Structures are given as structure tokens and as C-alpha cells.
Ligand code: ZN
Ligand code: CU
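In the working numbering, the protein residues as written are 108 to 600.
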């Protein structure tokens, strides 16, 4: 690059503490951006730019990567992506827990989260390629990569899901997944815990996942049991990874239920053992409550349950199930049955377990937020600032640099997002400027949709998408987010 080009940039962010996403200590430096890339990092006193930003006292970090989302539909219905952009998130991975919007087949309308995705005909993408092309045609504010849901594949290949797949059905799912991977899907997710996949055998998942090995697709798993049989369920997905020859991500790792409090003292050493033998990582969200559909059998294992929505009782939002049960003159489990289908938040995790998993060096951060939920779990709006503020700064669980690494450089390497997740010359200008003294989550269980505090400005591919508490408005088709395809990536080992 000529000296003249070097002296000029579109944007220079000056005097911030640059935390570059690798885990290295923060350093005071300027960051220059031209077009969609970071062009220089250092003392850029000799350079000028059309937009000069003073970031004195602020941190400049790579935009956060939310590796575990259910934003498939929301990217199209709410392209400003406020719940995520407001946290400094610049890329999301959709299609987790076995459920993806594409490839669209005849989904079971009662099955969460399909139950939240039914009403938009124009969002029925026949293939992964259609979905990714759709993102490029009407780009959202953030970048997005997709996984193909194993349950979605089952809906495409099977009529009766309450049994293991036959060899023919497995072959059909393999063909479908192979096409999706060729079209740029990052990999496959499974949700063996959920009814559409509960009757799938280990061998079924292994056979399907194995078609990804040639292209090194990733396998993410909401495991069969996160409670009493969590150890067996971890063994199962590790086995799938080894036999299929693919990298595994354990989704939202936890030990659920009152009688499993403390069990991450056993699960994390097991995960560490697997990591010595195969490529396997995990993600986690920073709350001691989980959220999913109303499942009556989960009621008794939680300290408290909030009903987030209920089809038979649309008037209910964020109500305590114990109180509702009294009003309905039923036991809590009976009341839960009467409120199905619906969504709920379960206070069923040990805070010490949550902290133990967050502290685990290889843990990535994933929100698991459900944006289509009318009364969502606060993780949707609060996950990333909560890790940085509450856990890293206030509780001192880890240095800020380590927290940033878990949500930037680490996931970019695991998912093979080339040139993302780091602040360095040549990388994409996905950046967040935040105040390390004030950053915190504002979303609570009582008021779950509040933007985070302390996020000053967020850039995606060099364009501002969030500034001072508001999304930047764009005309449709002009937002800077991009589809991230497996083809354009190179994964480190
Ligand atoms: Zn899940
Ligand atoms: Cu999930």
C-alpha cells in the first residue's frame, strides 16, 4: 500500500484500549478502518480520516460472535437485530438445538421453536443456499452463519418421528445435509433432548454427521440429557464426533436440576479428557436459569418456573407458575400441562456451576436467546455485557481479555470465520467500542428486553450499526451484514 493510501482512512478510532481478541493484554492504540477492513493498528498520529472517534477510556474490541442462537427468522423480520447489536454482537450462528429454518419442510407446528416460525410464507427457504442467498439479498445488520438442524432434517425425511430413522430415511437426510454443506452451511446441530429427535439412535446422528467430515463441517449438540444422565449424554456426543470424524460443540453446557447441583465438577474434567482425544468445545450462557418450551416433567426439578407464553392463555407473560397453579386450583405440573404449548424459564441451575463453566478456558459464549418469544429470557439482550461486566469485572471471574477472547478470537477459530474475531490489520472491521467501567446487562427476568449499558458504538464490516443506545437506520438491502459460508472459511486445528 502506498504511503498516501496509508495516511488516509475512512474511520480512525483513537486512544482506546485495544483488546484484540487473542487473549493478549489490552494496549493503548488507534485503529484505522477503510471500506470493510481494519487497515492499521498502532500510533496513527500521522493519519487522518473522514470520521475521527475519540475512544479515550473505552475498550476497542472485535465484535462479539454469538455462537448459539435461534435468530434464523429474526434476521429477516427484524434486520436491525437490536437484541444483539445492542450488546456489541456482530456475527451470529443460527440453527441450533436441532432446529433450523432451512431447509424448510413440513414442520410440526406444535414443536418449539417451529411453533414461533409458522406465520411467514415468504420465509420458507427450500435449501441452505436459499437461506444464505436470502441474507445476501436483504442483509441484516449483523453477519450470520447457519447450521442445519437434525430435527429439521427428520421433518424433511420422515412422517412418523417417534421412532428411529430407517436406512432409507438416513440416506435421505445425508443427501440433504450434504447439499446444505455444499451450499455453505457451517454444519449440523442436534437436539436429542427434544421430541422430534428423542427417538433417534446415536448411530443415526453419526451416520448423518459423517457426511460433513470431508468439508470439516461442525457438529453442535443440545445433548440428550443435561440433568441426571448428563455424563452419559456427553459420552454420546463425543462418540458421535469421533465416529463421524467431526468437531463437536457441546451447546449451553450445564448440569440441570436441583439434584445435579455441583455436577460440573464431574462434567468439566470429562470434557477436558475428550479434548485430549478429539476436537470438542463448549458454549455457555451466563445465567442460572434455562428457557425452553413448557415441559411438564421439568417442573419438579426447578426451584421456580416462569411461564413466558402460553397458547391457551395468551394473557400470561412472565408469571410464576406456582402462583398460576394456585389460581387454577391445580398442582404446578397439572397447570403446566394445561398451559401447553408454550414457553417457560426454569430456575434449575447452580450459580457455582454456572461460574465454573464460564471460567473454563475453552468455553465460548452463546446466548441461546429466543427472539421470537414475547417474554424472552434476559440472556437474549444481556449475555455478552453480563459476562464482561458482572462476571469478569465485578466478580473477577477472569481478566477482561480472557472474557473478550471467549466471545471473539476463540469462536472465530472454532467455527472457521476467516479474518473475524480479532483486531489486526487485514481483518474485517467488526468492532465494538465499550466502557469497561460501566458495561453491564440491563435485561432482567422481570424486564427482559432492555439494551445493555456501556456499549458506545458497534461496527459491522466497517459500517456503524449501533450507536449510543440506538440502531442506525438503513434502507432495506443496504445493511452491512453478510452471510458467512463454510466455503469461504479455513478452520485452524
Ligand atoms: Zn438447546
Ligand atoms: Cu438453543
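Every residue gets a Cβ at the ideal spot worked out from N, C-alpha and C, and that includes glycine.
Quantities reported herein were computed from a predicted structural model and do not represent experimental measurements.
For residue i, write down the residues that DSSP places opposite it in a beta bridge.
i           : result
residue 370 : None; residue 370 has no bridge partner.
residue 294 : 254, 325
residue 541 : 166, 562
residue 411 : 454
residue 578 : 573
residue 417 : 449
residue 567 : 570
residue 148 : 138
residue 115 : 155
residue 557 : Answer by DSSP bridge pairing: none, since residue 557 is not bridged.
residue 590 : 251
Taking 8 angstroms as the cut-off, decide whether the C-beta atoms of residue i and residue j are in contact.
i           : j           : result
residue 119 : residue 168 : no
residue 652 : residue 141 : The question about residue 652 has no answer, for the chain in this structure spans 108 to 600.
residue 165 : residue 563 : yes
residue 519 : residue 569 : no
residue 346 : residue 326 : no
residue 234 : residue 310 : no
residue 261 : residue 303 : yes
residue 473 : residue 175 : yes
residue 198 : residue 249 : yes
residue 328 : residue 344 : yes
residue 206 : residue 348 : no
residue 115 : residue 137 : no
residue 413 : residue 422 : no
residue 393 : residue 488 : no
residue 484 : residue 476 : yes
residue 256 : residue 296 : yes
residue 415 : residue 425 : yes
residue 178 : residue 478 : yes
residue 271 : residue 308 : yes
residue 587 : residue 572 : yes
Could you work out which residue in the options is closest to residue i when comparing CA atoms only?
i           : options            : result
residue 466 : 480, 403, 391      : 391
residue 468 : 508, 439, 443, 440 : 508
residue 151 : 246, 123, 399      : 123
residue 370 : 398, 385, 388, 337 : 337
residue 172 : 136, 312, 200      : 200
residue 444 : 453, 455, 432      : 432
residue 334 : 409, 487, 154      : 409
residue 381 : 331, 488, 357, 498 : 357
residue 144 : 523, 531, 595      : 531
residue 367 : 351, 499, 324, 395 : 395
residue 300 : 581, 412, 404, 436 : 404
residue 440 : 498, 525, 407, 460 : 407
residue 181 : 425, 471, 321, 480 : 480
residue 155 : 139, 587, 360      : 139
Considering just the uninterrupted stretch of the alpha helix (DSSP H) at residue i, what are its terminal residues?
i           : result
residue 191 : 189 to 192
residue 156 : Note, residue 156: premise wrong, no alpha helix (DSSP H); beta strand (DSSP E) at 155 to 161.
residue 309 : 309 to 316
residue 440 : 439 to 446
residue 207 : Premise fails: residue 207 is in no alpha helix (DSSP H) and is neither H nor E.
residue 184 : 181 to 184
residue 244 : 235 to 244
residue 288 : 274 to 289
residue 302 : 302 to 305
Note the first and the last residue of the continuous beta strand (DSSP E) segment covering residue i.
i           : result
residue 433 : It is not in any beta strand (DSSP E) - residue 433 instead sits in the alpha helix (DSSP H) that spans 428 to 435.
residue 171 : 171 to 173
residue 198 : 196 to 201
Under the criterion of a Cβ to heavy atom distance below 7 angstroms, does residue i qualify as lining the ligand GDP?
i           : result
residue 298 : Only the ligand ZN and the ligand CU can be found as ligands here, which leaves the ligand GDP out of the picture.
Item checked: Secondary structure, alpha helix (DSSP H): runs of 4+ residues fully inside the segment 326 to 400 -> Within the segment 326 to 400, the complete alpha helix (DSSP H) runs of at least 4 residues are 337 to 351, 371 to 384.
Margin query: Could you tell me which whole beta strand (DSSP E) segments of length 3 or greater appear in the segment 119 to 144?
Written below: 134 to 141
Next item on the list: With a floor of 3 residues, list each beta strand (DSSP E) that falls wholly inside the segment 468 to 547, ordered by position along the chain.
Entry: Runs of beta strand (DSSP E) with 3 or more residues, each lying fully within the segment 468 to 547, are found at 470 to 472, 538 to 541, listed in chain order.
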